[in-house]
Amino acid sequence: MQPQKLTNLQLELLKVFSYQLNQQQLTDIRNLLANYFAEQATREMDKLWEQQGWDENTMVEWANEHMRISNNSL
1006 MQPQKLTNLQ LELLKVFSYQ LNQQQLTDIR NLLANYFAEQ ATREMDKLWE
1056 QQGWDENTMV EWANEHMRIS NNSL
């Protein structure tokens, strides 16, 4: 089994975390990362909604769908 190389993100984070941070700084960095990836996911979902032509009616339809699996399909 070949060892996996670290990603560019992992390498960059190792540089950042080579410094001793206090708890507040660590929390701030975690929040920054979480917000960054949440924004990226939101942008991608916005693109998908635009491409698919989804709107509020789509959300209503999804909310009213019954997503049960019948016993016959198991």
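Residue numbers (our numbering): 1006 to 1079. Where is the CB? At the ideal position from N, CA and C, for every residue including glycine. Only a predicted model underlies this, so the values are computations on that prediction, with no experimental measurement involved.
>> Quick check: the Cα distance between W1054 and A1046, rounded to an integer number of angstroms?
In response: As a first step, residue 1054 must be located in the sequence shown, where it is residue number 49. As a first step, residue 1046 must be located in the sequence shown, where it is residue number 41. Cα to Cα, the separation comes out at about 12 angstroms.
> Helix, strand or coil: which one does DSSP assign to Q1025?
Replying inline: The residue labelled residue 1025 in the question sits at position 20 within the sequence shown. Correct three-state label for Q1025: coil.
> Helix or strand or just coil, what does DSSP make of N1020?
Replying inline: The residue labelled residue 1020 in the question sits at position 15 within the sequence shown. What sits at residue 1020 in the sequence shown is Lys, not Asn. Correct three-state label for K1020: helix.
>> Can you give me the C-alpha to C-alpha distance between E1044 and L1031, rounded to a whole angstrom?
In response: To locate residue 1044, count along the sequence shown from 1; it is residue 39. To locate residue 1031, count along the sequence shown from 1; it is residue 26. In a straight line, the C-alpha of E1044 is about 20 angstroms away from that of L1031.
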